[in-house]
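Trainee: Going down the list, the protein sequences come from chains A and B.
Each residue of the first sequence is one higher than the last, beginning at 1 in this note's numbering.
Each residue of the second sequence is one higher than the last, beginning at 1001 in this note's numbering.
We put the beta carbon where it would ideally sit given N, CA and C, even for glycine.
Bear in mind the structure is a predicted one, so any value in this text is a computation, not a measurement.
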Amino acid sequence: MESIQHVKEALNARSTTTSLEELENRGRKRVKVIKAEHVAQMIRESVERALTNDDRLPKEEIDRLVEASRAEFADVMAERQREQAEYQQAQSDLESTTRRLEAATEQLRSLESDLQEVEAEAEELRTQGGGGSEDLADKDAEIERLTKRISELEARPAQSPQQDAVSAQLLTNMMSELATLKAQTQLQQQAAPQPQAAAQPDTSMLETFVTSMNDRLEQFGKKMGISSAVDAGDVDLSSMFDQTEDVELESNLDSMEVKAKSGTGIAANLERLKKLKGGGA
Amino acid sequence: MTDETNMADNPAEMTETTAGLCLGKGLDLGTANIAAAIQQDDGSITVNVERNAFLDIGDDVYSKKMLTNAKVPYVVHDGKLVVIGEAAFELANVFGKNTRRPMADGLISANERDALPMMRMIISKVLGEPAAPGENCYFCVPAESLDVENDVIYHTGRFEAEVSKLGYTAKSINEAHAVVFSELAESDFTGIGLSFGGGMANACIAYKSIPCVSFSVARGGDWIDQNVARVRGIKHSKATFIKESGVDIRDPQGEDQAAVAIYYRNLIQYVLKNVKDRFERGQNMPTFSEPIDIACAGGTSMVGGFIEVFREEFAKIDFPMPVGRIFRAEDALTAVARGCLVAAAIGE
Chain A
1 MESIQHVKEA
11 LNARSTTTSL
21 EELENRGRKR
31 VKVIKAEHVA
41 QMIRESVERA
51 LTNDDRLPKE
61 EIDRLVEASR
71 AEFADVMAER
81 QREQAEYQQA
91 QSDLESTTRR
101 LEAATEQLRS
111 LESDLQEVEA
121 EAEELRTQGG
131 GGSEDLADKD
141 AEIERLTKRI
151 SELEARPAQS
161 PQQDAVSAQL
171 LTNMMSELAT
181 LKAQTQLQQQ
191 AAPQPQAAAQ
201 PDTSMLETFV
211 TSMNDRLEQF
221 GKKMGISSAV
231 DAGDVDLSSM
241 FDQTEDVELE
251 SNLDSMEVKA
261 KSGTGIAANL
271 ERLKKLKGGG
281 A
Chain B
1001 MTDETNMADN
1011 PAEMTETTAG
1021 LCLGKGLDLG
1031 TANIAAAIQQ
1041 DDGSITVNVE
1051 RNAFLDIGDD
1061 VYSKKMLTNA
1071 KVPYVVHDGK
1081 LVVIGEAAFE
1091 LANVFGKNTR
1101 RPMADGLISA
1111 NERDALPMMR
1121 MIISKVLGEP
1131 AAPGENCYFC
1141 VPAESLDVEN
1151 DVIYHTGRFE
1161 AEVSKLGYTA
1171 KSINEAHAVV
1181 FSELAESDFT
1191 GIGLSFGGGM
1201 ANACIAYKSI
1211 PCVSFSVARG
1221 GDWIDQNVAR
1231 VRGIKHSKAT
1241 FIKESGVDIR
1251 DPQGEDQAAV
1261 AIYYRNLIQY
1271 VLKNVKDRFE
1281 RGQNMPTFSE
1291 PIDIACAGGT
1301 SMVGGFIEVF
1311 REEFAKIDFP
1321 MPVGRIFRAE
1331 DALTAVARGC
1341 LVAAAIGE
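Put into structure tokens, the structure is as follows:
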């Protein structure tokens, strides 16, 4: 039965599927059909007959050869199946990695969006006047912690699946912390007293935070290969002509004489042209 | 030697030496041949001509020394020996090969990536060093074609850069306008200049040296060769060789020559029909009170019987203006280069 399965697989691998309509279009009204079992049977009989008819081999040797061939075939089949399984696993890993990368990219975009909101709110806070020094101290600590997290994220080299998972987790944490920071800012804004002309809020820390976050997100985006975050510098096209510019080619042209012909002079033509242009005698 | 003591600060504007000779060189960048016209101290003209073709050969067959001894110019490019110019054409015929061509249909060939370095070497060889820094060099360019989509802008810009790199002040001039400069002096540079080149036929109608209309058709000597090669089952280079081996298209000898004659006549009819159509349907066409001359030039017009067949075919069409003389340039191969030289010397 095993041999029938092998023959079926071999037939499947080497055959094409054609619809009945296509066959009819080609003018075929009847087709002959043969079962895989019959093909296997024919092969087996042919091999055994060939071996049996060979008087040089005793029956025991023939049986041993047949058995050895079957074992070898089984090994080859097993190897192919292993390779197929490995290929499927690799495909699965690749898809999984791609999904994680897409998720991380999406989170990064979301993070950038949140940061812009925080930036806008910080600007608003700055214009309206901030809270007291205690609030700013708390915020300072938050900023310090966030900056540290970003540095950690930035320092991680890409991109094993495990590392991707960690990066995604870090990004999630960052998003969460930014959301917290945003909520705190909103609360602080609501609780803040009306600004007084004489009392200028200390906004330098917020500005530093915003600048720092922008710079680091820019760097991180570049590392992630997000096109919008990558500077598009001037394109240097000079290399297009590298092959043709300033290439000294070895040749013997210096020692060759070029074919020269004597031509009629152009003095008369020049004279007439000068007259025509009013510059001649 | 030219005297350079009176050169102005702007060399491009100074075109005359103390000996009264005008500086400047003319360069015909043809599909089939490259020719440079140079004025000598005694006022005579020398035209250096080289075929615009090359051929790769195996360096195990011909050593460099052998090639040099045989006066065969070569270039080593990408580790290959490349024979350039007329020798490439001759070798191709001996070995039944086709030459490679840097230009096609009058313009830089997009199919020959190796072509530009070869062409640069040929230009440098025929043109030589400038007599003075920034000497004028006028090179010819084709006009846009009536029958195919082509663009001469890249071609013009590329060769302007190439010629400038050799130390010249490079300027382009229409190929058929150059024929007007070299051949229609007696008519005060009024008439029709026709340049039958390898890749194209160019036409220019000029009045008092000023070009009124310029155009081209994308048929020339190569078109004849391709068709002869196809119908006779021979190589393109072989067809070129037959065409250039003393055929008289009024009296062809054998089937190969008959094929050449048939396609020549067809080319002439095609060009005349397009010139006539252009005159008839064109707006702002000049009106001439006197019959105008038609001057033919270019390597493709050098075949025996060309001008006679041209006159025969011209007589068959009802040309929309009176025409006086129809003639071929005394030296049709170098006429464009000489016209470019006239333009360079006058600073046109």
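1. Is His38 of chain A buried or exposed, if buried means 16 or more other CB atoms sit within 10 Å of its CB?
2. Establish whether the CB of His1155 of chain B and some CB of chain A are separated by less than 9 Å.
3. Hey, is Ser1214 of chain B's beta-carbon within less than 9 Å of any beta-carbon in chain A?
4. My assumption, with CB atoms under 8 Å, is that Asp1222 of chain B sits in contact with Asn1150 of chain B. Please give the rounded CB distance.
5. State whether the segment 1038 to 1055 of chain B contacts the segment 1091 to 1106 of chain B, with contact taken as three or more CB pairs (one from each stretch) at a distance under 8 Å.
6. So Ser1214 of chain B and Ala1143 of chain B are supposed to be a Cβ contact under 8 Å. How far apart are they, rounded?
7. Under 9 Å, Cβ to Cβ, is there at least one residue of chain B near Gly265 of chain A?
8. Report the three-state DSSP secondary structure of Tyr1270 of chain B (helix, strand or coil).
9. Note the first and the last residue of the continuous beta strand (DSSP E) segment covering Asp1078 of chain B.
10. Whose C-beta lies closer than 6 Å to the C-beta of Glu95 of chain A among residues of the same chain, with five residues either side of it excluded?
11. Report the CB separation of Thr1156 of chain B from Val1180 of chain B in whole angstroms; it is logged as a contact under 8 Å.
12. What would DSSP say about Asp1318 of chain B, mapped onto helix, strand or coil?
13. I'd like the ranges of any beta strand (DSSP E) spanning at least 3 consecutive residues and lying wholly in the segment 1112 to 1193 of chain B.
14. Could you tell me whether any Cβ in chain B is nearer than 9 Å to the Cβ of Glu257 of chain A?
15. Which first and last residues belong to the alpha helix (DSSP H) in which Asn283 of chain A is found?
16. Please report the residue range of the beta strand (DSSP E) in which Gly1026 of chain B lies.
17. If distances are taken between C-alpha atoms only, which option among B:Cys1340, B:Tyr1264, B:Arg1232 comes closest to Gly1304 of chain B?
18. If we count the other Cβ atoms within 10 Å of its Cβ and call it buried at 16 or more, is Val92 of chain A buried or exposed?
19. Rounded to a whole number of angstroms, what is the C-alpha to C-alpha distance between Gly1220 of chain B and Asp1147 of chain B?
20. With 9 Å set as the bound, which would you pick, yes or no: does the beta-carbon of Lys1025 of chain B sit closer than that to a beta-carbon of chain A?
21. Between Glu1360 of chain B and Asp1028 of chain B, is the Cβ-Cβ spacing less than 9 Å?
22. Return the residue from the list A:Lys259, A:Glu106, A:Ser19, A:Leu115 that minimises the CA-CA distance to Ile1034 of chain B.
23. Give me, in chain order, the residues of the same chain whose beta-carbon lies closer than 6 Å to that of Pro1252 of chain B; leave out the 5 immediate sequence neighbours on both sides.
24. Name the chain B residues whose beta carbon is nearer than 8 Å to that of Ala268 of chain A?
25. Below 9 Å between beta carbons: does that hold for Val1342 of chain B and Ala1178 of chain B?
26. Is the CB of Lys1064 of chain B under 9 Å away from at least one CB in chain A?
27. Given this structure, state the Cα-to-Cα distance separating Asp1293 of chain B from Ser1216 of chain B, to the nearest angstrom.
28. Look up Met1103 of chain B in the DSSP assignment and give the residues it is bridged to.
29. With Ser1214 of chain B as the anchor, note down where its beta strand (DSSP E) starts and where it stops.
30. Contact between the segment 1317 to 1337 of chain B and the segment 1296 to 1303 of chain B: three or more CB pairs below 8 Å?
31. Should Val1082 of chain B and Lys1064 of chain B be called a contact, given that it needs their Cβ atoms to be closer than 9 Å?
32. For a test of the three-state rule: what should DSSP assign to Gln84 of chain A, helix, strand or coil?
33. Which value, in whole angstroms, describes the spacing of the CA atoms of Glu117 of chain A and Leu111 of chain A?
34. Residues of chain B with CB closer than 8 Å to the CB of Glu250 of chain A, please, in chain order.
35. Quick check: what's the CA-CA separation for Leu25 of chain A versus Thr16 of chain A?
36. Go ahead and label Asn1111 of chain B buried or exposed: buried means 16 or more other beta carbons lie within 10 angstroms of its beta carbon, across all protein chains shown.
Mentor: The structure says:
1. exposed
2. Using a Cβ-Cβ cut-off of 9 Å, His1155 of chain B does not count as an interface residue toward chain A, since no Cβ of chain A sits closer than that to its own.
3. no
4. Actually they are not in contact, since the Cβ atoms of Asp1222 of chain B and Asn1150 of chain B sit about 14 Å apart, beyond 8 Å.
5. yes
6. The pair is a contact, with the Cβ atoms about 4 Å apart (cut-off 8 Å).
7. yes
8. helix
9. Segment: none, Asp1078 of chain B is in no beta strand (DSSP E) and carries neither H nor E.
10. none
11. The beta-carbon separation of Thr1156 of chain B and Val1180 of chain B, rounded to 19 Å, does not stay under the 8 Å limit for a contact.
12. coil
13. 1136 to 1141, 1169 to 1174
14. yes
15. Residue coverage of chain A in this structure runs from 1 to 281, which leaves residue 283 of chain A outside it and unanswerable.
16. 1025 to 1029
17. B:Tyr1264
18. Inspection of the sequence shows that residue 92 of chain A is occupied by Ser rather than by Val. Ser92 of chain A is exposed by the Cβ-count criterion.
19. 13 Å
20. no
21. Coverage of chain B is limited to positions 1001 through 1348, which leaves residue 1360 of chain B absent and any answer about it impossible.
22. With distances taken between Cα atoms, Ile1034 of chain B lies closest to A:Lys259.
23. Ala1258, Ala1261
24. Ala1185
25. Yes, the Cβ-Cβ distance between Val1342 of chain B and Ala1178 of chain B is below 9 Å.
26. Any Cβ of chain A closer than 9 Å to the Cβ of Lys1064 of chain B would place that residue at the interface, and such an atom is present.
27. 19 Å
28. B:Ile1108
29. 1210 to 1217
30. Yes: the two stretches touch, three or more of their Cβ pairs being nearer than 8 Å.
31. no
32. helix
33. Within the model, the alpha-carbon separation for Glu117 of chain A versus Leu111 of chain A is close to 10 Å.
34. Val1075, Val1076
35. It is worth fixing the name first, because residue 25 of chain A is Asn in this sequence and not Leu. Roughly 17 Å between the two C-alpha positions.
36. By the neighbour-count rule (16 or more Cβ atoms within 10 Å), Asn1111 of chain B is not buried but exposed.
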